[in-house]
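>
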Amino acid sequence: MKIHASGEDYLEAVLILQKKQDMVRSIDLARHMGFSKPSISHAVGVLKNGGFLTVDDDGFLHLTVIGREIAEKIYERHLFFMEQFIAAGVDQETAEQDACRIEHAISDTSFRKLKEKVQGTD
Numbered sequence: 001m002k003i004h005a006s007g008e009d010y011l012e013a014v015l016i017l018q019k020k021q022d023m024v025r026s027i028d029l030a031r032h033m034g035f036s037k038p039s040i041s042h043a044v045g046v047l048k049n050g051g052f053l054t055v056d057d058d059g060f061l062h063l064t065v066i067g068r069e070i071a072e073k074i075y076e077r078h079l080f081f082m083e084q085f086i087a088a089g090v091d092q093e094t095a096e097q098d099a100c101r102i103e104h105a106i107s108d109t110s111f112r113k114l115k116e117k118v119q120g121t122d
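Everything in the sequence shown is counted per full-length UniProt numbering, starting at 1 for the first residue and increasing by one.
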């Protein structure tokens with residue numbers, strides 16, 4: 001199943017929250033993302049049906065293997081672009097917004113090549 005940018009954002013948010021607090025529920029996701037509980041519930045259902053996350057009997061969200069791979073890929077891109085923009089003198093808020101847009105649009109090949117170039121490993 002193909003995942004859209006919004007789905008990637010949800011997976012990335014679950015990953016970030018798991019890094020902060022280990023166990024994540026839908027309400028935590030709603031607070032973090034600033035969305036309503038019904039919106040989060042719908043998104044969780046879509047991601048669950050797509051095989052990207054599971055919900056246990058206690059209501060905790062867990063990324064599946066593929067869900068974690070996607071979340072980590074998006075988060076890596078987000079951090080990379082944030083770092084580059086801030087180093088270039090872009091303010092934090094703008095850097096955050098731009099990184100969030102670019103992380104979804106760039107191809108794997110272009111990201112890898114750019115990262116190698118910036119890190120001097122090309």
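Note that CB positions come from ideal geometry on N, CA and C, so glycine has one too.
Under 7 Å from any heavy atom of the ligand MG, does the C-beta of F52 make it?
Looking for the ligand MG in the displayed structure turns up nothing, as the structure carries no ligands at all.
> Start and end of the beta strand (DSSP E) containing H78?
Per DSSP, H78 belongs to no beta strand (DSSP E); it is in the alpha helix (DSSP H), 65–87.
> Smallest Cα separation from L61: which of L15, E96, V118?
Cα-wise, what sits closest to L61 is L15.
> Which stretch, first to last residue, makes up the beta strand (DSSP E) that contains V55?
Segment 53–55, the beta strand (DSSP E) holding V55.
> Might you give, ordered along the chain, the residues of its own chain that have their beta carbon closer than 6 Å to the beta carbon of H78, omitting 5 neighbours on each side?
Excluding sequence neighbours, H78 sits near A99, E103.
> Using three-state DSSP, classify H4 as helix, strand or coil.
Reduced to three states, the DSSP call for H4 is coil.
> Which residues in the same chain as T94 place their Cβ atom closer than 8 Å to its Cβ, once the five residues preceding and following it in sequence are excluded?
Here the set comprises F85.
> With 16 other CB atoms within 10 Å as the buried threshold, where does D22 fall?
With fewer than 16 Cβ atoms within 10 Å of its Cβ, D22 is classed as exposed.
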